[in-house]
Every structure is written in structure tokens, then in C-alpha cells.
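By the count of our numbering, the sequence shown reaches residue 297 at its end, each step adding exactly one.
Ideal Cβ positions, reconstructed from N, Cα and C, are used throughout, including at glycine.
Below: the structure, in C-alpha cells.
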Amino acid sequence: MSSERSCNEKAPPYLKETEAQIGSPSSVSELGSDSGQKAGVIYHAFSQNEAKEYNIQHSGAHRAEAFMRAFLKRSLPHMSQQACENQLQRKAVVLDYFTRRRRKEKKKKSKGLSARQRRNLRLFEIKPEQQRYSLFLPLHELWKQYIRDLCNGLKPDTQPQMIQAKLLKADLHGAIISVTKSKCPSYVGVTGILLQETKHVFKIITKEDRLKVIPKLNCVFTVEIDDFISYIYGSKFQLRSSERSAKKFKAKGTIDL
């Protein structure tokens, strides 16, 4: 729409002299150019009430209508335009809704530290200032109470086979164990509180505050509690404490080293 109109030209009844697109650069410059003469006509966009009063549609309405017709023609090619209009005027159209299936996220299992990482971090290393026999005596007392509860009280008439079966699956941390037989003579006679048990070794703290690492292989250990003595053959005992609790041990005769 032009921003200028001659004074002689008659404007349409639905336009006023002050109705124009406010902020147009041409209209502003025109007002400042001829101050002595009558300024050109300024137009602005119709409001909704004015458009309704004069029955005028904005250009946006025409674009929306054209887009809607093109969309219906592309989506429903087998239906005519008249049939589409009739269908839309009579009832609402329910569009299909497809739900997206959620993919099950795989839970990532947290990986523990490897043996090398544990060694580098020294997680299970007992510091020299903590290698004292008296420091672990309370642990031994707790272990004795644990075994008494496990065996329903160590009574004199309790069968030794039952106690042996319980000890084979029990946690031995805190027990006082002794090496009675070994292919290495330097291990024989070592007695102390068991501090750590791995698959292949026992770590024992002696009364002299010395930490001894005794291999299970080719060694026989004794565990004594309330006058009950149990023998453990290390060659058949090479299991972790967690694995030993679920293992079934069979009664066998004496095993010579």
C-alpha cells in the first residue's frame, strides 16, 4: 500500500487520514519535508474491531486459509475439496496418535577395582603402627562369642563333627590359629590372631607384634576354642571366605603332607 495519496484523490470510506502503518520511514520523511504544505496521508494497520466493523480480512487470514487447503489436499488426495469442507463442518476430526516405545536403558554395572588397583591403593595393607597384638584382642573376643552363637553354645556333649562343619563355613577373622604341620619348617609353631584371609594365604599377628603371611598350601592349621580343637588342611581350604560359606565339604581321612 502506498504511503502517499494526493489531496484531490478521494480515500475509501474505511480509511482515515491518520490510519497507516505507524513507523513507516516514508511517512516520517514526508511529514518533515513540506512543513508549509499539507502532509501526506498516513495509514496504519486495522485493529481487530475495525476489521470486523468494515468486514475486512487481513492478509494473514488468506495465507492461513491457503495453507490449510493445500494441507488437506496433500493429506487427503482421494477426497474432493467440497467433501473435505463438509467433513470438517459436520464433526471433529480425530487424528491418530502413535506412542513412541521407550527403549529400555541398559543398567551399567559398576565395575569394581581390579587387583592391581587395590594393590596400588594399598587398601588391605596393615600399617606398621597398627601391627600390635593387643590391638586385636577385642576382635578375638567378638569372634569367640560369634562361634558360640553359631554352634548354639559349645557344650561338652556337642559332637565334634558338627563343630568342625560349622568352622569350615564360618568367618575366621579374629580366631587364634596355629601352624602344626608344614613343608616349610619355619612356619611350624607360628601362632597368632588371624587378621586377613585371602584365597591362598593367612595373615597372622603374633604376640611379638609381628605380621606373618602363611600360605595355605602344604600347611595344617589348628583352631582352638573352649577346649575344642579343629584341624584345617590348607591344601583343601584354598577358597575365599565368601566362597567357602556356600561350599559343601566332604569328610575325608587324614591327608599327609
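Query, Result
"Nearest-angstrom Cβ-Cβ length linking Tyr173 and Asp249, presumed shorter than 8 Å", "5 Å"
"Integer Cβ distance of Val241 from Ile254, believed to fall under 8 Å", "6 Å"
"Ser285 versus Ser154: straight-line alpha-carbon distance, rounded", "23 Å"
"Status (buried if at least 16 other CB within 10 Å, exposed otherwise) for Gly193", "exposed"
"Cβ contact check for the segment 199–206 and the segment 259–275: 3 or more pairs under 8 Å", "yes"
"Gly152 to Gln236 span [Cα, whole Å]", "20 Å"
"4 or more residues per run - each alpha helix (DSSP H) lying fully within the segment 98–126", "99–115"
"Integer-rounded CB distance, given that Val230 should sit under 8 Å from Lys252", "5 Å"
"For Leu234 and Ala210, believed in contact at Cβ under 8 Å, the rounded distance", "So it is not a contact: roughly 11 Å between Cβ atoms."
"Supposed close pair Lys176, Ile245 - CB separation, criterion 8 Å", "Looking at the sequence itself, residue 176 is Phe, so the reference to Lys does not match. About 6 Å; that satisfies the 8 Å criterion."
"Leu179 versus Leu163, Val219, Asn160, Gly232, residue with shortest Cα-Cα distance", "Gly232"
"Lys256 versus Lys247, Lys287, Ser218, residue with shortest Cα-Cα distance", "Ser218"
"DSSP bridge partner residues for Cys259 (one or two, in chain order)", "Ser222"
"Proximity of Lys221 and Arg280 at Cβ, strictly below 8 Å", "no"
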